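**Q**
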Amino acid sequence: MKYVNVYIQNNIAKIDRLYTYKLPENMELKPGMRVQVPFGKGDRNRVGLVISIEEEYKLEYDLKEIIKVLDYEPILSEDLLELGFWMKEKYLTKYNQSFSPLLPPGDIKVIQKIAVIKEEYVPKEDEVAFFKELEKNKYNLSFVDDNLQYGKLVRDLINSSVLSIEYKVETQISAKILKAVKLKEDYLSRISKGNLKLTEKQLKVVEFLQDKGEVLRSELLKELEISDSPIKSLETKGILEILDREIIREPYEEVAATKLNTLNMEQIKAFRGILNSKKTVSLLHGLTGSGKTEIYLKVSEEIIKEGGQVIVLVPEIGLTPQMIERFMGRFSGRVSVLHSKLSSGERYDQWQKTKNGEVDIVIGARSAVFAPLNRLKLIIVDEEHDSSYRFHNALRYDTVEVAEKRMELLEGKLLLGSATPDIITYYKAEKGLYDLFELKQRAVVGARLPDIKIVDMKKELIKGNTSIFSELLRKHMAEKLEKKEQIILFLNRRGFSNFVSCRSCGHVIKCDNCDISMTYHKNTNILRCHYCGSTKKMVSRCPECGSKFIKQFGVGTQQVEEEVKRIFPRAKVLRMDRDTTVQKNSYDEIYNKVKNREVDILIGTQMLAKGLDFENVTLVGVIAADLSLYISDYRANETTFELLTQVSGRAGRSQKGGDVVIQSYNPDNYSIVYASNTDYENFYKRELKIREQYNYPPFSKLINVNFSSEDERYIDEVASDVLLDIVKSVGGYKLEYTRIIRMLRIKNIFKSKFTLKVDPDYIKELTESIKGVLIKNKDKIEKYNIYVDVEFI
DNA sequence: TCTAGATGGCAT
DNA sequence: TGCCATCTAGAA
6 MKYVNVYIQN
16 NIAKIDRLYT
26 YKLPENMELK
36 PGMRVQVPFG
46 KGDRNRVGLV
56 ISIEEEYKLE
66 YDLKEIIKVL
76 DYEPILSEDL
86 LELGFWMKEK
96 YLTKYNQSFS
106 PLLPPGDIKV
116 IQKIAVIKEE
126 YVPKEDEVAF
136 FKELEKNKYN
146 LSFVDDNLQY
156 GKLVRDLINS
166 SVLSIEYKVE
176 TQISAKILKA
186 VKLKEDYLSR
196 ISKGNLKLTE
206 KQLKVVEFLQ
216 DKGEVLRSEL
226 LKELEISDSP
236 IKSLETKGIL
246 EILDREIIRE
256 PYEEVAATKL
266 NTLNMEQIKA
276 FRGILNSKKT
286 VSLLHGLTGS
296 GKTEIYLKVS
306 EEIIKEGGQV
316 IVLVPEIGLT
326 PQMIERFMGR
336 FSGRVSVLHS
346 KLSSGERYDQ
356 WQKTKNGEVD
366 IVIGARSAVF
376 APLNRLKLII
386 VDEEHDSSYR
396 FHNALRYDTV
406 EVAEKRMELL
416 EGKLLLGSAT
426 PDIITYYKAE
436 KGLYDLFELK
446 QRAVVGARLP
456 DIKIVDMKKE
466 LIKGNTSIFS
476 ELLRKHMAEK
486 LEKKEQIILF
496 LNRRGFSNFV
506 SCRSCGHVIK
516 CDNCDISMTY
526 HKNTNILRCH
536 YCGSTKKMVS
546 RCPECGSKFI
556 KQFGVGTQQV
566 EEEVKRIFPR
576 AKVLRMDRDT
586 TVQKNSYDEI
596 YNKVKNREVD
606 ILIGTQMLAK
616 GLDFENVTLV
626 GVIAADLSLY
636 ISDYRANETT
646 FELLTQVSGR
656 AGRSQKGGDV
666 VIQSYNPDNY
676 SIVYASNTDY
686 ENFYKRELKI
696 REQYNYPPFS
706 KLINVNFSSE
716 DERYIDEVAS
726 DVLLDIVKSV
736 GGYKLEYTRI
746 IRMLRIKNIF
756 KSKFTLKVDP
766 DYIKELTESI
776 KGVLIKNKDK
786 IEKYNIYVDV
796 EFI
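Residue numbers (our numbering): 6 to 798.
#1: Between which two residues does the alpha helix (DSSP H) holding D794 run?
#2: The beta strand (DSSP E) with F44 in it runs from where to where?
#3: Beta-carbon separation of K242 and L193 under 9 angstroms?
#4: Alpha carbon to alpha carbon, what distance is there between Y62 and N10?
#5: So, is E164 buried or exposed, given that buried needs 16 or more other C-beta atoms within 10 angstroms?
#6: In its own chain, which residues sit with a C-beta less than 6 angstroms from the C-beta of S393, not counting the 5 before and 5 after it?
#7: Looking only at C-alpha atoms, which of D365, V342 and E132 sits nearest to Q355?
#8: Run through DSSP, which three-state label would I236 get?
#9: Would you mind reading off the limits of the beta strand (DSSP E) that contains T430?
#10: At 4 residues or longer, what runs of the alpha helix (DSSP H) sit wholly inside the region 650-689?
#11: Quick one: what's S372 bridged to in DSSP?
#12: Could you spell out where the beta strand (DSSP E) holding E741 opens and where it closes?
#13: A629 by DSSP, collapsed to three states: which one?
#14: Less than 6 angstroms between C-beta atoms, sequence neighbours within five positions excluded: which residues of the same chain meet that for F442?
#15: Leaving aside the five residues before and after G500 along the sequence, list all residues of the same chain whose C-beta is less than 6 angstroms from its C-beta, in chain order.
#16: With distances taken Cα to Cα, identify the nearest neighbour of M6 among L229, D84 and N31.
#17: Assuming L494 contacts V565 under a Cβ cut-off of 8 angstroms, what Cβ separation, rounded to an integer in Å, is found between them?
#18: For Y525, which three-state DSSP category applies?
#19: Given a cut-off of 9 angstroms on the beta-carbon distance, is the pair K198 and E246 in contact?
#20: Taking only three categories from DSSP, how would you classify I636?
#21: Measure how close the beta-carbons of Q651 and K615 come, nearest whole angstrom, since I'm counting them as under 8 angstroms.
#22: Cβ atoms of Q314 and R401: under 9 angstroms apart, would you say?
#23: Please classify F396: does DSSP put it in a helix, a strand, or coil?
#24: Let me confirm a value: V52 is counted as buried when at least 16 other C-beta atoms fall within 10 Å, else exposed. Which label applies?
#25: Assuming Q800 is part of the beta strand (DSSP E), what are its boundary residues?
#26: Under 9 angstroms between the Cβ atoms of L444 and V286?
#27: Could you check if S545 is buried or exposed, using at least 16 other CB atoms within 10 Å of its CB as the buried criterion?
#28: Distance check for L229 and S295, CA to CA, integer angstroms please.
#29: Which same chain residues, not among the five before or five after M328, have their C-beta less than 7 angstroms away from its C-beta?
#30: Smallest Cα separation from T664: which of I457, V74 and E351?
#31: What residue from K35, L28 and E33 has the CA that sits closest to V42's CA?
#32: Tell me K284's beta-bridge partners as DSSP assigns them.
#33: Going by DSSP, which residues form a beta bridge with Y439?
#34: Hey, quick one: how far does the alpha helix (DSSP H) through G334 stretch, first residue to last?
#35: With three or more beta-carbon pairs closer than 8 angstroms as the criterion, would you say the region 73-92 touches the region 35-50?
#36: Can you look up T425 in the DSSP assignment and give me helix, strand or coil?
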């Protein structure tokens with residue numbers, strides 16, 4: 006007798022584990038196949054994924070049997086299964102968190118029971134109603150479940166072999182549904198008959214709809230800058246109706262073939278080096294515009310020639326159209342693009358195509374690292390420093406680490422590319438763990454580096470200029486508008502939090518222990534460090550210079566937009582941020598508008614920093630370079646350097662050259678200065694020293710242990726028990742830890758956390774300890790309904 | 001999360 | 001005693 010361990014997809018912490026079933030003697034099964042199993046008290050049918058098959062079963066438990074095998078071939082290859090286990094161990098996640106991303110898109114647990122009727126069967130008189138119903142439901146038997154009479158009839162029909170049941174596993178393809186708004190046909194008569202008085206806003210809505218007919222609700226809200234309530238009240242008055250509209254997403258179009266570019270000497274050296282490297286990981290460090298993409302293409306070509314397959318990861322697929330175009334052009338017909346705007350159905354098709362070996366290259370965002378390619382030999386991670394690859398709330402793994410592991414398992418190569426590599430990555434390359442290749446020339450002959458100037462905003466304030474634009478930036482803007490050249494204004498609000506800064510001297514209130522800016526909590530009027538939990542009273546005067554112009558900082562893109570419109574009323578302005586690009590194709594629209602010069606000034610956040618190449622953009626203005634300096638994160642300087650470098654790269658993509666104006670209250674900050682000189686090496690050296698001084702990564706590894714619950718009472722008690730146990734269980738190595746920090750309550754969920762800091766060489770041991778301690782405290786955690794998660798940051 | 005089965009109140 | 005609403009533990 007054999008025993009099968011099965012993973013059943015769900016996101017309920019309480020039942021997140023593997024389940025063991027007996028394997029019937031005559032059943033053939035391999036790990037990675039899906040099976041149908043009885044589950045729960047009612048033995049409901051569920052789909053499970055076979056994780057492993059064992060010869061013995063030791064525990065006393067009355068095991069159930071597997072009902073049916075659903076696949077002929079494993080849908081998950083061995084390396085992916087192993088990767089799943091590896092992630093689970095490394096990141097201490099739930100099964101669901103480490104196995105779900107591996108599975109085909111859609112919901113594997115939905116099983117349809119389809120009736121198959123013997124062809125020649127003629128229904129008896131009392132069965133006619135049932136057969137009609139059956140036809141109406143397209144032979145799907147789900148309607149029988151709540152009808153006792155039919156249940157008996159179905160059993161009888163099965164016994165007399167008239168009816169047999171076919172189980173169909175369907176990936177749940179949920180169409181994208183958005184709300185649309187439309188005037189009711191008789192709205193005019195309703196208004197006149199009911200003698201209704203409409204408010205100003207309601208009137209605006211009616212007029213808009215008279216003009217446009219049917220409009221998406223989100224569009225209406227945005228266009229008229231109103232809230233939902235006028236629409237709601239119009240609906241209750243019976244003047245308009247709100248409808249569900251299905252949005253159909255278009256898959257990626259084919260593009261024209263791109264021609265081969267010849268490589269310069271530097272590129273050839275890197276290309277050969279990467280191919281011949283004996284190490285799993287190569288880091289390609291090259292300026293923006295130094296031709297990294299060309300090397301990606303060449304290396305991919307070689308790998309494919311040898312019968313391999315390639316995955317290309319990009320930070321956000323919608324933002325890198327040029328990269329995709331070039332791959333599609335070069336490897337026409339053999340590329341699958343996992344676009345974030347694909348519908349689930351299209352996504353599923355792409356998955357199938359990949360699994361069937363119909364493509365050589367998969368391009369996609371982070372989750373494409375699990376693409377089911379059978380001959381995978383190369384993974385390319387473009388802009389490897391990008392934070393979307395790294396461990397965070399929604400992503401319980403580090404994409405680069407996973408890619409490295411997968412390439413180790415398959416004996417392939419991982420190629421990391423960036424103009425501003427992650428400090429940790431560069432450190433590893435420097436230590437010789439990765440091979441390093443540098444590109445220092447620009448690939449396009451004649452393209453000049455932009456002229457970058459830093460403006461001290463404190464001096465502007467002394468001069469009496471309280472506007473958000475410095476004189477220099479305003480002057481440049483006027484010039485470029487005159488010349489009909491285009492301008493990008495950038496506001497790096499990434500990770501924006503409420504830090505407190507002095508407008509006179511630029512001083513920012515930082516934590517005494519952590520060198521990290523403190524967060525202002527408005528309701529309690531205190532400053533708190535989100536790293537160690539220590540607090541300070543909010544100040545009314547700057548502790549540095551005594552000025553009373555000290556307050557929490559915050560400028561929004563909307564504010565910038567208003568100011569631009571005020572100063573340059575005739576300029577055509579477009580704003581691009583999360584709010585304006587949620588709509589389908591809105592990114593492409595903005596892209597095309599800028600490309601066709603329908604826009605003079607483009608205002609936006611970090612989305613602008615990535616991959617936008619426009620010849621006619623000759624001025625980039627950074628409104629407040631400081632904003633990203635004070636996010637409560639040890640990476641603040643790194644993030645600032647990255648953003649400034651990337652956004653500066655948007656100016657002067659052609660022979661026209663360009664200007665960059667960086668406004669800052671801290672013009673001497675090293676990340677700003679080095680970014681303005683495009684000097685990665687020196688930035689790296691300086692940053693590394695500081696990291697060493699404060700023992701931040703790469704010299705340590707940080708782990709957050711989070712406790713959340715709807716019930717406030719026991720969280721801190723349990724958290725401190727766990728912390729104490731972890732500290733007790735540590736042997737032979739040094740562990741730093743913070744106190745227990747109470748976080749802001751979000752959606753009525755209370756959350757507390759503590760942070761552990763450990764030598765990276767002992768991360769495995771510490772992970773094991775945490776795992777052990779969590780198992781030890783399991784009863785307590787479950788009793789008080791506390792959810793624990795571990796973040797490796 | 002889902003639901004079989006236990007529990008207990010209440011009408012008959 | 002039967003019936004239903006509500007609660008609760010367990011999922012292999």
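Even glycine gets a Cβ: it sits at the ideal position worked out from N, Cα and C.
Please read all numbers here as calculations on a predicted model, not as lab measurements.
**A** Taking the geometry as given:
#1: Run containing D794: none in the alpha helix (DSSP H); it sits in the beta strand (DSSP E), Y792 to F797.
#2: That run of the beta strand (DSSP E) goes R39 to F44.
#3: Cβ distance not < 9 angstroms, so K242 and L193 don't count as in contact.
#4: Here the alpha carbons of Y62 and N10 stand approximately 10 angstroms from one another.
#5: Sequence inspection shows Asn at residue 164; the Glu mentioned does not correspond to that position. Exposed: under 16 other Cβ atoms inside 10 Å.
#6: For S393, the CB contacts under 6 angstroms within the same chain, skipping 5 residues up- and downstream, are P320 in chain order.
#7: Out of D365, V342 and E132, V342 has the C-alpha closest to the C-alpha of Q355.
#8: Residue state for I236 is assigned as helix, using DSSP reduced to three classes.
#9: Taken as a continuous stretch (DSSP letters only), T430 belongs to no beta strand (DSSP E), being part of the alpha helix (DSSP H) at I428 to E435.
#10: You should have 675-681.
#11: In the DSSP output, where bridge partners are listed per residue, S372 has none listed.
#12: L740 to Y742 is the extent of the beta strand (DSSP E) around E741.
#13: Assigned with DSSP and collapsed to three states, A629 falls in coil, not helix or strand.
#14: For F442, same chain residues with a beta-carbon under 6 angstroms away, outside a window of 5 residues either side, are A275, G278 and L289 in chain order.
#15: Legend: pLDDT at G500 = 44, less than 50; position of this residue unreliable, value from coordinates given subsequently. So the qualifying residues of the chain are I636.
#16: It is N31.
#17: Between L494 and V565, the beta carbon gap of about 6 angstroms places them in contact (Cβ cut-off 8 angstroms).
#18: If DSSP states are grouped into helix, strand and coil, Y525 belongs with the strands.
#19: No, these two residues do not count as a Cβ contact at 9 angstroms.
#20: Coil.
#21: Contact check for Q651 and K615: beta-carbon distance about 7 angstroms, within the 8 angstroms limit, so the pair qualifies.
#22: In this structure, R401 lies away from Q314, with their beta-carbon atoms at least 9 angstroms apart.
#23: Coil.
#24: Buried: at least 16 other Cβ atoms inside 10 Å.
#25: No answer is possible for residue 800: the residues shown for the chain start at 6 and end at 798.
#26: With respect to V286, L444 sits apart: the two C-beta atoms are not nearer than 9 angstroms.
#27: Looking at its Cβ environment, which holds fewer than 16 other Cβ atoms inside 10 Å, S545 is exposed.
#28: Approximately 44 angstroms, taken between the alpha carbons.
#29: Correct list, in chain order: T298, V319, D387 and G616.
#30: The identity of residue 664 in the sequence shown is Asp, whereas the question assumes Thr. The shortest Cα separation from D664 among I457, V74 and E351 belongs to I457.
#31: Ranking the options by Cα distance to V42, first place goes to L28.
#32: Answer is none; K284 lacks a bridge partner.
#33: Y439 pairs with nothing; no bridge assigned.
#34: For G334, the enclosing alpha helix (DSSP H) starts and ends at P326 to R335.
#35: Judged by Cβ distances under 8 angstroms, the region 73-92 makes contact with the region 35-50, as three or more pairs qualify.
#36: Under the three-state reduction of DSSP, T425 is assigned to coil, being neither helix nor strand.
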